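Colleague: Going letter by letter, the sequence shown gives residues 0 to 323 in numbering that gives the first Met the number 0.
Sharing a structure below in structure tokens format, with a few things to ask.
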Amino acid sequence: MLDKSSSIIEVERLLSQFQNITILTHLNPDADTLGTGLGIYNLLKKDKSKRIEIVNASKTLPKYLDFLPSYANIKHKIDFEESLIITCDAGSIDRLGFDLSSRVILNIDHHKSNHYYGEVNVVDELAASASEVAYILFKQIYTIDSSVATCFYAGLLSDTQYFTTSLVDKSVFKIANSLVEEGANPSKIAFHFRQRCSLSSLRILEKALHSLTLYHEAKIAVISITQEDIVETGAIMSDMEGIVDYANSLVTVEIALCAVEVEQGNIRISLRSKGIDIEKVASVFGGGGHKVAAGFTLKESQLQESIDTILKKIHNLGVLNGKK
Numbered sequence: 000m001l002d003k004s005s006s007i008i009e010v011e012r013l014l015s016q017f018q019n020i021t022i023l024t025h026l027n028p029d030a031d032t033l034g035t036g037l038g039i040y041n042l043l044k045k046d047k048s049k050r051i052e053i054v055n056a057s058k059t060l061p062k063y064l065d066f067l068p069s070y071a072n073i074k075h076k077i078d079f080e081e082s083l084i085i086t087c088d089a090g091s092i093d094r095l096g097f098d099l100s101s102r103v104i105l106n107i108d109h110h111k112s113n114h115y116y117g118e119v120n121v122v123d124e125l126a127a128s129a130s131e132v133a134y135i136l137f138k139q140i141y142t143i144d145s146s147v148a149t150c151f152y153a154g155l156l157s158d159t160q161y162f163t164t165s166l167v168d169k170s171v172f173k174i175a176n177s178l179v180e181e182g183a184n185p186s187k188i189a190f191h192f193r194q195r196c197s198l199s200s201l202r203i204l205e206k207a208l209h210s211l212t213l214y215h216e217a218k219i220a221v222i223s224i225t226q227e228d229i230v231e232t233g234a235i236m237s238d239m240e241g242i243v244d245y246a247n248s249l250v251t252v253e254i255a256l257c258a259v260e261v262e263q264g265n266i267r268i269s270l271r272s273k274g275i276d277i278e279k280v281a282s283v284f285g286g287g288g289h290k291v292a293a294g295f296t297l298k299e300s301q302l303q304e305s306i307d308t309i310l311k312k313i314h315n316l317g318v319l320n321g322k323k
């Protein structure tokens with residue numbers, strides 16, 4: 000569990016040392032990384048003595064999140080040469096897309112697999128989202144207004160999958176209630192999440208579900224998306240967010256895998272389970288995440304060959320049915 004008192008002291012020390020601050024969100028951003036980053040951005044920009052920028056290295060951002068306050072201020076390159084780097088929801092530096100070897104980093108995250116790459120690491124693997132970690136930390140330093148609450152609530156709603164994951168308990172609902180009291184509008188945020196789907200997201204979902212294949216007596220479900228599928232539908236990465244959960248929803252399935260053929264022959268893998276520790280599988284391939292939600296990327300690989308390799312590794316590790 001996060002030691003809040005020591006974290007606050009260290010964070011305040013870093014903030015006082017820098018006039019320029021760069022907030023980084025991870026590649027192929029989701030609502031938790033952007034909600035966390037924008038929440039912190041909206042907090043820190045109130046201090047007119049500092050210059051704040053928020054950056055994401057991906058070429059495209061999820062359009063449905065454009066309602067988040069200051070979304071339009073997200074840039075795709077770092078302009079500040081000397082600044083404190085605040086990373087949001089990134090378990091490792093390579094998830095950020097920038098060379099940060101000479102930078103001072105404040106690392107805010109909730110992944111069990113976090114590499115603790117910051118000078119200060121505010122990481123709580125028991126937190127339901129990175130935005131929860133940021134909220135608990137920064138509410139003790141700043142006043143949370145509606146713009147900040149909206150961003151943090153969006154991250155919490157997304158990473159708990161509408162308050163359904165195993166980390167959701169009364170403390171999570173208490174935080175959600177506090178964010179609502181501070182100005183987050185639950186129905187408005189849910190509307191943007193559920194009723195602003197792009198046409199390309201539905202078309203890529205159709206192709207993905209058509210590819211669904213069951214293995215190991217229907218205990219493993221695999222969905223594959225080819226580069227041809229992506230081109231034909233015009234889909235972007237955010238359109239494919241959550242597709243793996245459709246496979247995981249099947250009654251017999253214990254492990255779900257979604258393999259996406261992205262640029263340069265790389266295969267992006269998303270794993271989900273109903274209790275099996277699939278972070279063990281992801282870590283073998285250099286990835287990480289949580290017990291029931293993890294992922295990694297295989298470079299210069301073939302789609303079906305990658306799937307076969309992962310299925311074999313799942314078998315060899317003995318994680319299916321909780322054997323190990």
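Using N, Cα and C, we set each Cβ at its ideal position, and we do this for glycine too.
Here the structure is a predicted model, which means the values were calculated and not measured.
Mind checking V285: buried by the 16 CB within 10 Å criterion, or exposed?
Modeller: Taking the sequence shown and counting its residues from 1, one reaches residue 285 at position 286. The sequence shown places Gly at residue 285, rather than the Val named in the question. Exposed is the call here.
Colleague: What's the C-alpha gap between A281 and R94?
Modeller: As a first step, residue 281 is located in the sequence shown; it is residue number 282 there, counting from the start. As a first step, residue 94 is located in the sequence shown; it is residue number 95 there, counting from the start. Whole-angstrom Cα-Cα distance: 14 angstroms.
Colleague: For E131, count the other beta carbons within 10 Å of its own beta carbon; 16 or more makes it buried, fewer makes it exposed. Which is it?
Modeller: One-based indexing of the sequence shown puts residue 131 at position 132. The residue is buried, with at least 16 neighbouring Cβ atoms inside 10 Å.
Colleague: Quick check on A133: does DSSP put it in helix, strand or coil?
Modeller: The residue you call residue 133 lines up with position 134 of the sequence shown. It is helical.
Colleague: Going by Cα to Cα distance, which pick from H209, H215, S101 is closest to D228?
Modeller: Stepping through the sequence shown from its first residue, residue 228 is reached at position 229. When each option's Cα is compared against that of D228, the closest is H209.
Colleague: If you drop the 5 nearest sequence neighbours on each side, which residues of the same chain put their C-beta closer than 8 angstroms to that of H114?
Modeller: The residue given as residue 114 occupies position 115 in the sequence shown. Only G90, S91, I92 meet the Cβ criterion.
Colleague: Inspect the beta-carbon positions of Q301 and I266 and report whether they are closer than 9 angstroms.
Modeller: Against the sequence shown, residue 301 aligns to sequence position 302. Against the sequence shown, residue 266 aligns to sequence position 267. Yes, the Cβ-Cβ distance between Q301 and I266 is below 9 angstroms.
Colleague: Measuring only the C-alpha atoms, how far is K45 from E11?
Modeller: For the purposes of this step, residue 45 is taken as residue 46 along the sequence shown, with counting starting at 1. For the purposes of this step, residue 11 is taken as residue 12 along the sequence shown, with counting starting at 1. So the two alpha carbons sit approximately 16 angstroms from each other.
Colleague: If you run the structure through DSSP and keep just helix, strand and coil, what is K312?
Modeller: Position 313 of the sequence shown, counted from the first residue, corresponds to residue 312. Looking at K312 - three-state DSSP - the assignment turns out to be helix.
Colleague: Count the other CB atoms, across all protein chains shown, that sit within 10 Å of the CB of F365; report buried if there are 16 or more and exposed otherwise.
Modeller: Outside the shown range of the chain (0 to 323) lies residue 365, about which nothing can therefore be said.
Colleague: At which residue ranges does the stretch 49–92 contain complete beta strand (DSSP E) runs of 3 or more residues, listed in the order of the chain?
Modeller: 50–55, 83–87
Colleague: If contacts are defined as beta-carbon pairs under 8 angstroms, then T59 and I235 qualify, I think. What distance do you get, rounded to the angstrom?
Modeller: As a first step, residue 59 must be located in the sequence shown, where it is residue number 60. As a first step, residue 235 must be located in the sequence shown, where it is residue number 236. Correct: roughly 5 angstroms between the Cβ atoms.
Colleague: Terminal residues of the continuous beta strand (DSSP E) containing C150?
Modeller: If you number the sequence shown from 1, residue 150 lands on position 151. Careful: C150 lies outside any beta strand (DSSP E), inside the alpha helix (DSSP H) at 145–158.
Colleague: Would the beta-carbon of T86 fall within 9 angstroms of that of G117?
Modeller: Here residue 86 corresponds to residue number 87 of the sequence shown, with the count starting at 1. Here residue 117 corresponds to residue number 118 of the sequence shown, with the count starting at 1. Result yes, Cβ atoms of T86 and G117 sit closer than 9 angstroms.
Colleague: Return yes when the Cβ of E260 is within less than 9 angstroms of the Cβ of T225, no when it is not.
Modeller: Locating residue 225 in the sequence shown gives position 226, where the first residue counts as 1. Locating residue 260 in the sequence shown gives position 261, where the first residue counts as 1. The answer is yes: Cβ separation under 9 angstroms.
Colleague: Output the distance between the C-alpha atoms of I275 and S112, rounded to the nearest integer angstrom.
Modeller: Counted from its first residue, the sequence shown places residue 275 at position 276. Counted from its first residue, the sequence shown places residue 112 at position 113. Approximately 16 angstroms between the Cα atoms of the pair.
Colleague: Going by C-alpha distance, which of S248, E181, Q139 is nearest V272?
Modeller: Residue mapping note: residue 272 aligns to position 273 of the sequence shown, counting from 1. The sequence shown places Ser at residue 272, rather than the Val named in the question. The residue with the shortest Cα to Cα distance from S272 is S248.
Colleague: Does the stretch 54–71 come close enough to the stretch 158–175 to have 3 or more Cβ pairs within less than 8 angstroms?
Modeller: Result no; under three Cβ-Cβ pairs closer than 8 angstroms.
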